[in-house]
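Asks:
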Amino acid sequence: MSVKLTVSAVAIAAIAATSAAARDQVQVAGSSTVLPYASIVAEAFGENFDFPTPVVESGGSSAGLKRFCEGVGENTIDIANASRKIKDKEVKACAEAGVTDIIEVRIGYDGIVFASDINGESFEFTPSDWFLALSDTVLVDGEIVPNTNATWADVNPAFPAQALAAYVPGTKHGTREVFEDKVILAGCEATGAFDVIKAANGGDKKAAEKACIALRTDGVSVDIDGDYTETLASIESNKDGVGVFGLAFYENNTDKLQVATMSGIVPTTESIATGEYPVSRPLYFYIKKAHIGVIPGVKEYAEFFVADEIAGEDGPLAAYGLVADPELEETQEAVADEAVLGANM
């Protein structure tokens, strides 16, 4: 690994040395969930350090990691934000493009919430409700059949007869994967559909999981490829709509949105910090170690991001909705030591 790092560092240094004007601004892209936190940090970093304010772009976790894995050099981004862990196949793609040493930084936790128009109906959801609303097939009388539920009352008699309309993150967003795993798949299992589908596929667990999270394509479930502002705009256009958001976005739009409970738990920073709220996830960013010391400010930005004064319980990120990581000190040490993925395996 050390040899690969040396080669990468030499390569990027050569690129910088031969360039007409070496880049001096940290470039970040990725998760729309992490975007507001990264933007706050970037602005504060530019104001407090002798480095230009980093450029922070959105696009989704998968899109950001794809750009991150394009290679090393000043024509590639330095940091990728993600609302999920990097996948093995992405680490492999990175390595094939010369990005061999990656530093994983966990910044804290966030919850995925389900919110509707402030003046609309209130909901108390379970994962089963969302599976029955959005899955393209459901279990009826022991058989897997196409999903024809048209209203929330069809899904759950306790709900109003309000037309189903859900705005969910598109497939390039890390939030989508957490939503599929902790809500749709959990609902599939809770309704008994998973076992029936698995049996129909000869006991193939992966095939059953894939079938469970396949969402209907009749217009009830709408993928949102942009950020949460697009989801909010969709609900403002359709007052019956229910959207999937990050907790922080909801908390900054409580004048427009009301939040639903999930499995009887209200999503708050406290219920997420304790693990009581069932739909929460850690948030990350990933650094190319080869860019440290070559692109000015990369490590300084990372260390600033996870400092107690920024990412701690009393910092500005917590005020915006980030749930502080109880193991933040360990993250700070890992960043300081430039510890890469796989180093301790």
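As numbered in mature numbering (1 follows the signal peptide of the UniProt record, and there is no 0), residues -22 to -1, 1 to 323 make up the sequence shown, in order. Think of the CB as a built atom: it goes at the ideal place given N, C-alpha and C, for glycine as much as any other residue.
By Cβ distance, which residues of its chain are closer than 7 Å to ASP205, with the 5 residues on each side in sequence left out?
Replies: SER10, LEU13 and SER36.
Asks: Note down, in chain order, each residue of its chain lying with its Cβ closer than 7 Å to the Cβ of ASN216, except the 5 sequence neighbours on either side.
Replies: Closer than 7 Å at Cβ, skipping near neighbours: ALA143.
Asks: Could you give the residue range of the beta strand (DSSP E) that holds SER36?
Replies: It spans 33 to 37 - the beta strand (DSSP E) in which SER36 sits, taken as one unbroken run.
Asks: Between GLY76, ASP95 and PRO32, which has its C-alpha nearest THR209's C-alpha?
Replies: Ranking GLY76, ASP95 and PRO32 by Cα distance to THR209 puts ASP95 first.
Asks: I'd like the list of long-range same chain contacts for ILE162, defined as Cβ closer than 8 Å, with 5 residues on each side in sequence excluded.
Replies: PRO105, TRP108, PHE109, LEU112, SER113, CYS190, ILE191 and LEU193.
Asks: Could you check whether the segment 259 to 268 touches the segment 47 to 63, counting it as contact only if at least three pairs of C-beta atoms, one from each stretch, sit closer than 8 Å?
Replies: The segment 259 to 268, when compared against the segment 47 to 63, does touch it at the 8 Å Cβ threshold.
Asks: Whole angstroms is fine: what's the gap from GLY98's alpha carbon to PHE27's?
Replies: When rounded, the distance between both Cα atoms is 46 Å.
Asks: How many whole angstroms separate the CB atoms of LEU300 and ALA226, which I take to be in contact at a CB cut-off of 8 Å?
Replies: So it is a contact: roughly 7 Å between Cβ atoms.
Asks: Quick one: grab the DSSP three-state call for LEU306.
Replies: LEU306: helix per DSSP, three-state reduction.
Asks: Enumerate in chain order the residues of its own chain whose CB-to-CB distance from ILE175 is below 7 Å, with the five nearest sequence positions on each side excluded.
Replies: Here the set comprises ILE122, ALA186, ALA189 and CYS190.
Asks: Measuring CB to CB, does TYR145 end up less than 8 Å from VAL91?
Replies: Against a cut-off of 8 Å, the Cβ pair of VAL91 and TYR145 comes out as no contact.
Asks: Near ARG154, what residues of its chain come up, given a Cβ to Cβ distance below 6 Å and the 5 sequence neighbours on each side ignored?
Replies: Excluding sequence neighbours, ARG154 sits near PRO147.
Asks: Cutting at 8 Å between CB atoms, please list the residues of its own chain near VAL156, excluding the five before and the five after it.
Replies: SER61, ARG62, ILE90, VAL257 and ARG259.
Asks: Using the beta-carbon count (16 or more within 10 Å), is GLU68 buried or exposed?
Replies: So GLU68 counts as buried.
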